[in-house]
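Student:
Residue numbers (this note's numbering), protein chains in the order written: chain A, 79 to 641; chain B, 6 to 96.
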């Protein structure tokens, strides 16, 4: 089913030799780079998390730009954002304001996080929470949230990679059908194991370069082929307004409606607040050399936002080109995440489609590597070292993290092999809501220790629970799913212990945002209570000067010093 | 604490220039630009206006970067703490 739809549209049938050859050549190139990377600007030994997990904490502005860009703008983003525009119209364009407001919001906190981590040797956000509140429990909660939110994200990178492999004709059935994916991931796992963060940092140059070329060609070439942007928007509006046979309502609009404006705003803001709470985003920040590198990147990274906005518009291009999303054989529903690969396959000459697919494929490898490193760091620093082997040496920590990165990656592969990919998508949706709940303990704690640690823990529990409950209750009439149907909650469904404060309102909102508000309210209330009862609030390891440390400070902690 | 903090920046560094970082948040007020016309290069106002805001965001962050440059961190000055490098901080 999956195959026939693609191949019927493809220039030939069976294996797409041109596309496949280009893909393999580029894949081999980055694999070699991945292995060689271990010797790139290497210290004497990689046996320390500062080296393996953070690339020696010495990346300059250019490397950081490619690394963080390659990290934040993942293959899944490149596939899912246009798919959302394809399906719902203007709402999917939230990705643009999301990545515009992102950098002004995180500009100052990211600098404080870098400085305190640099001077105290923190490798993960949970390390910081541990030091700030002296609470292994709170740190454990943050670490678990990070790992749980990251795992499905890695699995989604695989979904993107496999979609491309199958479009090129590597579309066997059963376990054998997953073999190309397994091989690609095995290679990735090996060079990440050997080179650590240096591998994705080096490969990111190729990935981002390819992505830029492909997207720029796509947004100039395809509209000229299809009659110009004006025509594309008009046709899209017409198609989006056509009532969906299943729901009887229009599926979307090229402008926001009265009901989804609040959703657009809260989704953009909520996603922006959440992004740098993801452990893999912080890994990119902490790997940089100094505050100046981060500042410059906050100015230069929006170049990717521009790209993402253009890419989102490809959803309309696909609508106009009459792209039919491939039907997922497992669920029987059209998988809209295939619209961009199908668009490239049908509209580009095969040699360029090969480059485009390689861009998406390599675009999946870079974030997958960084995410697995970030999750491995969390495991090693905040669970293994904290609870299992308190006297672990830096060498043992690095060894443990390397092994954990393998486990994490093969866990993600198992996700894809044995569980419906839809489940990963659901989990990633949940993950975004969950990671947002670490904001008070990680981001606000950078500025103040006013919140009591028990307040933070209570807020976390409430935010987590309510966030998941709300997501569980969202149906998707289009696919017939009763639960986890999306991230738009109608205000009328908002229930506080059975009380519906906005009953009758069809206005939609992002549940992660609602959960964060609840989290903060509970954290404030419990903090006030705990403070009035004079409950001990842990000891703070950090000092005021730590938050301003910079690369040239004389008494700065040595890289690779024992923790 | 007092000895270590000598000649260094501690506490919150508040600069009025930091308020410029709030400007890009105006982009979240969707009713301002949720219209089709005028179009630019065939794109509805809703879309090209938000692309323009990418530049507004960049300029805002750049202004804060330039205007607060060099202030918080003491650099290139003689090390008043003496030469004993506080490496390791074994804890």
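Note that CB positions come from ideal geometry on N, CA and C, so glycine has one too.
Bear in mind the structure is a predicted one, so any value in this text is a computation, not a measurement.
Assuming the contact rule is C-beta atoms closer than 8 Å, residue 107 of chain A and residue 284 of chain A should be a hit. Round their C-beta distance to whole Å, please.
Tutor: Here residue 107 of chain A refers to the residue found at position 29 of the first chain. Here residue 284 of chain A refers to the residue found at position 206 of the first chain. So it is a contact: roughly 7 Å between Cβ atoms.
Student: Helix, strand or coil: how does DSSP classify residue 331 of chain A here?
Tutor: Residue 331 of chain A sits at position 253 when you count from the first residue of the first chain. Note: residue 331 of chain A maps to strand in three-state DSSP.
Student: Determine, using beta-carbon pairs with one atom in the stretch 178 to 190 of chain A and one in the stretch 519 to 528 of chain A, whether at least three such pairs fall under 8 Å.
Tutor: Touching, yes.
Student: Report yes or no: do the stretch 222 to 240 of chain A and the stretch 501 to 513 of chain A share at least 3 C-beta pairs separated by less than 8 Å?
Tutor: Verdict: yes, contact present.
Student: Taking CB distances under 8 Å as the criterion, tell me whether residue 91 of chain B reaches chain A.
Tutor: As a working note, residue 91 of chain B is residue 86 in the second chain. Below a pLDDT of 50, predicted positions are generally treated as unreliable, and residue 91 of chain B, at 36, falls in that range; the measurement from the model is reported next regardless. It does: the Cβ of residue 91 of chain B has a partner Cβ on chain A nearer than 8 Å.
Student: What is the C-beta distance between residue 597 of chain A and residue 528 of chain A, in whole angstroms, given that I count them as a contact (C-beta under 8 Å)?
Tutor: Reading the first chain from its first residue, position 519 is the one you call residue 597 of chain A. Reading the first chain from its first residue, position 450 is the one you call residue 528 of chain A. 15 Å between Cβ atoms; not a contact.
Student: Measure the Cβ-Cβ separation of residue 221 of chain A and residue 444 of chain A and say whether it is below 8 Å.
Tutor: Translated into positions along the first chain, residue 221 of chain A becomes position 143. Translated into positions along the first chain, residue 444 of chain A becomes position 366. No; because the gap between Cβ atoms is not below 8 Å, this pair is not in contact.
Student: Interface residues of chain A around residue 29 of chain B at Cβ under 7 Å?
Tutor: Here residue 29 of chain B refers to the residue found at position 24 of the second chain. Neighbours of residue 29 of chain B on chain A, chain order: 178, 179 and 182.
Student: Which class does residue 468 of chain A belong to by DSSP, given the choice of helix, strand or coil?
Tutor: Your numbering for residue 468 of chain A matches position 390 in the first chain. Coil, per DSSP.
Student: Is there a Cβ of chain B sitting closer than 8 Å to that of residue 576 of chain A, yes or no?
Tutor: Against the first chain, residue 576 of chain A aligns to sequence position 498. Closer than 8 Å: no.
Student: Measure the alpha-carbon distance for residue 531 of chain A versus residue 542 of chain A and round it to whole angstroms.
Tutor: What you label residue 531 of chain A is simply residue 453 of the first chain in a count that begins at 1. What you label residue 542 of chain A is simply residue 464 of the first chain in a count that begins at 1. Whole-angstrom Cα-Cα distance: 16 Å.
Student: For residue 57 of chain B, would you say it is in contact with chain A, using Cβ-to-Cβ distances shorter than 8 Å as the test?
Tutor: Within the second chain, residue 57 of chain B is the residue found at index 52, counting from 1. Answer no: the Cβ-Cβ gap between residue 57 of chain B and chain A never drops below 8 Å.
Student: Is any beta-carbon of chain A found at less than 8 Å from that of residue 54 of chain B?
Tutor: On the second chain, position 49 is the one that residue 54 of chain B refers to. Cβ-Cβ to chain A under 8 Å: no for residue 54 of chain B.
Student: Identify which residue in A:199, A:194 and A:239 has its Cα closest to the Cα of residue 63 of chain A.
Tutor: Outside the displayed range of chain A (79 to 641) lies residue 63 of chain A, so it cannot be described from this structure.
Student: For residue 26 of chain B, return the contacting residues in chain A, with the cut-off set at a CB-CB distance below 8 Å.
Tutor: Mapped onto the second chain, residue 26 of chain B falls at position 21. Correct list: 182, 183, 185 and 186.
Student: Below 8 Å, how does it come out for the stretch 471 to 484 of chain A and the stretch 125 to 133 of chain A: are there three or more Cβ pairs, yes or no?
Tutor: Result yes; three or more Cβ-Cβ pairs closer than 8 Å.
Student: Show which residues of chain B have a CB atom less than 9 Å away from the CB atom of residue 345 of chain A.
Tutor: Indexing the first chain from 1 puts residue 345 of chain A at position 267. Those do not exist, as residue 345 of chain A stays about 10 Å from chain B at its closest Cβ, beyond 9 Å.
Student: Could you please give the first and the last residue of the uninterrupted alpha helix (DSSP H) stretch that includes residue 193 of chain A?
Tutor: The residue you call residue 193 of chain A lines up with position 115 of the first chain. Start and end: 173 to 198.
Student: Whose C-beta lies closer than 7 Å to the C-beta of residue 353 of chain A among residues of the same chain, with five residues either side of it excluded?
Tutor: Position 275 of the first chain holds residue 353 of chain A. Taken in chain order, the residues that qualify are 150, 180 and 359.
Student: Short check: CB of residue 47 of chain B to CB of residue 311 of chain A, under 8 Å?
Tutor: Mapped onto the second chain, residue 47 of chain B falls at position 42. Mapped onto the first chain, residue 311 of chain A falls at position 233. In contact: residue 47 of chain B and residue 311 of chain A (Cβ atoms closer than 8 Å).
Student: Are the beta-carbon atoms of residue 269 of chain A and residue 279 of chain A separated by less than 8 Å?
Tutor: Here residue 269 of chain A corresponds to residue number 191 of the first chain, with the count starting at 1. Here residue 279 of chain A corresponds to residue number 201 of the first chain, with the count starting at 1. No; because the gap between Cβ atoms is not below 8 Å, this pair is not in contact.
Student: Can you say whether residue 464 of chain A is buried or exposed, counting buried as having 16 or more other CB atoms within 10 angstroms of its CB?
Tutor: For the purposes of this step, residue 464 of chain A is identified with residue 386 of the first chain, where counting begins at 1. Result: buried.
Student: Residue 72 of chain B touches chain A at which residues, Cβ-Cβ below 8 Å?
Tutor: Here residue 72 of chain B refers to the residue found at position 67 of the second chain. Correct list: empty, because the minimum Cβ distance to chain A is about 12 Å.
Student: Given a limit of 9 Å on CB to CB distance, which residues of the stretch 162 to 178 of chain A reach chain B?
Tutor: Here the close residues are 168, 171, 174, 175, 177 and 178.
Student: State yes or no: is the C-beta of residue 533 of chain A within less than 8 Å of the C-beta of residue 602 of chain A?
Tutor: Position 455 of the first chain, counting from 1, holds the residue named residue 533 of chain A. Position 524 of the first chain, counting from 1, holds the residue named residue 602 of chain A. Yes, Cβ-Cβ distance for residue 533 of chain A and residue 602 of chain A is below 8 Å.
Student: Using 8 Å for Cβ pairs, my map puts residue 350 of chain A next to residue 587 of chain A. What's the rounded Cβ distance?
Tutor: Translated into positions along the first chain, residue 350 of chain A becomes position 272. Translated into positions along the first chain, residue 587 of chain A becomes position 509. No, residue 350 of chain A and residue 587 of chain A are not in contact; Cβ-Cβ is about 16 Å, not under 8 Å.
Student: Just verifying my parser: in three-state terms, what is the DSSP assignment at residue 90 of chain B?
Tutor: Taking the first residue of the second chain as position 1, residue 90 of chain B is located at position 85. Annotation note: pLDDT 36 at residue 90 of chain B (below 50); position unreliable, no value reported.
Student: Alpha carbon to alpha carbon, how far is residue 158 of chain A from residue 28 of chain B? Give it in angstroms, no decimals.
Tutor: Here residue 28 of chain B is taken as the residue at index 23 of the second chain, counted from 1. Here residue 158 of chain A is taken as the residue at index 80 of the first chain, counted from 1. Approximately 29 Å, taken between the alpha carbons.
Student: Could I get the ranges of all uninterrupted alpha helix (DSSP H) runs contained in the stretch 575 to 640 of chain A, with 4 residues as the minimum, in chain order?
Tutor: The stretch 575 to 640 of chain A contains these whole alpha helix (DSSP H) runs: 589 to 610.
Student: What do you get for residue 320 of chain A, buried or exposed, if any count of 16 or more other CB atoms within 10 angstroms of its CB means buried?
Tutor: The residue given as residue 320 of chain A occupies position 242 in the first chain. Counting Cβ neighbours within 10 Å, residue 320 of chain A comes out exposed, since fewer than 16 surround it.
Student: What in chain B is Cβ-close to residue 387 of chain A, meaning under 9 Å?
Tutor: As a working note, residue 387 of chain A is residue 309 in the first chain. By Cβ distance, chain B contributes 52, 55, 56 and 59.
Student: Residue 49 of chain B versus chain A: which residues are under 8 Å apart at the beta carbon?
Tutor: Taking the first residue of the second chain as position 1, residue 49 of chain B is located at position 44. Those are 311, 332 and 333, listed as they occur along chain A.
Student: Taking 8 Å as the threshold (beta carbon to beta carbon), is residue 23 of chain B in contact with chain A?
Tutor: Within the second chain, numbered from 1, the residue matching residue 23 of chain B stands at position 18. It does; some Cβ of chain A falls within 8 Å.
Student: Buried or exposed: residue 494 of chain A, going by 16 or more other Cβ atoms within 10 Å of its Cβ?
Tutor: Position 416 of the first chain holds residue 494 of chain A. The residue is buried, with at least 16 neighbouring Cβ atoms inside 10 Å.
Student: By alpha-carbon positions, which one of A:373, A:402, A:481 and A:322 ends up nearest to residue 557 of chain A?
Tutor: Position 479 of the first chain, counted from the first residue, corresponds to residue 557 of chain A. Taking only the C-alpha atoms, the option nearest residue 557 of chain A is A:322.
Student: Cβ of residue 145 of chain A within 8 Å of Cβ of residue 362 of chain A?
Tutor: Mapped onto the first chain, residue 145 of chain A falls at position 67. Mapped onto the first chain, residue 362 of chain A falls at position 284. Contact flag set, yes.
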